[in-house]
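Shown next, in structure tokens, is the structure this report addresses.
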Amino acid sequence: MTSRPPQRAKRPCLVGSCKDFASNKGYCDKHQDRIKKKDRERGTAHQRGYDARWEKDRTKFLDENPLCADHRKRGLVEAATVVDHIIPHKGDQVLFWDKNNWQPLCKSCHDRKTATEDKGGWSYQPPVTQKPVDCYVFKVGEMVQAATAYAIDTLSCGWTDSFEIKSIEDKKIEVHDADGFVHKLHHSHFKAVTA
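For the sequence shown, my numbering begins at 1 and goes up steadily by one.
This is how it looks when you write it as structure tokens:
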């Protein structure tokens with residue numbers, strides 16, 4: 001008698017009310033059209049902005065930022081292979097091309113971030129006519145700290161170093177580093193100093 005490896009346990013269909021088992025990509029045969037619909041709604045990579053211009057800018061960014069930002073935060077070294085949008089762009093072209101919103105990540109860190117923060121999905125949403133209110137409203141003269149690895153690298157500072165806001169223009173905060181150099185970074189790279 002030949003022994004067979006154990007079979008993988010069947011998984012239920014991702015449609016909550018369905019009692020059938022999944023056959024492909026999480027859905028049963030009856031609900032396979034959901035996969036195609038999701039793919040159609042998502043659009044092609046080109047439709048989402050990942051074209052020749054992106055490939056050129058992405059390559060240049062990774063050449064200038066070769067190490068994974070998440071690994072660097074933990075004191076580890078890992079080559080970056082993906083340019084991640086710190087704030088998911090969800091189709092907003094201004095946010096898509098804002099290089100202050102980019103960070104270098106390795107594939108595993110990017111996949112983990114996408115699965116946890118973005119809930120694993122991307123679908124086109126037309127830009128909203130009214131911008132959402134930012135969580136932090138910074139004012140000139142207030143103290144801020146770097147909140148991203150990009151800001152830490154750019155300002156050559158630590159996570160607890162504080163900077164006084166010199167000016168704010170177009171959501172970019174101007175601060176001076178310890179050597180007196182002027183830096184203008186998107187407000188998402190900073191957090192308010194808490195007492």
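The C-beta atom is built at its ideal place from N, Cα and C for all residues, glycine as well. Predicted model only: the values in this text are computed from it and were never measured.
{"Asked": "Best match in Thr160, Arg72 and Asp84 for proximity to phenylalanine 61 [C-alpha to C-alpha]", "Found": "Asp84"}
{"Asked": "Burial state of glutamine 7, where buried means 16 or more other Cβ atoms lie within 10 Å", "Found": "exposed"}
{"Asked": "DSSP beta-bridge partners of asparagine 24", "Found": "Tyr27"}
{"Asked": "Where the alpha helix (DSSP H) containing lysine 56 begins and where it ends", "Found": "52-64"}
{"Asked": "Beta-carbon gap between alanine 69 and alanine 147 smaller than 9 Å", "Found": "no"}
{"Asked": "Collapsed DSSP secondary structure at tryptophan 102 in the structure displayed", "Found": "strand"}
{"Asked": "Nearest residue (CA-CA) to threonine 194, options His183, Ser162, Leu185 and Asp179", "Found": "Ser162"}
{"Asked": "Rounded Cβ spacing between lysine 191 and glutamine 145 (contact assumed at less than 8 Å)", "Found": "6 Å"}
{"Asked": "For phenylalanine 108, the three-state DSSP class (helix, strand or coil)", "Found": "In the sequence as displayed, the identity of residue 108 is serine instead of phenylalanine. If DSSP states are grouped into helix, strand and coil, serine 108 belongs with the helices."}
{"Asked": "Alanine 80, buried or exposed, once every other Cβ within 10 Å from all chains shown has been counted against 16", "Found": "buried"}
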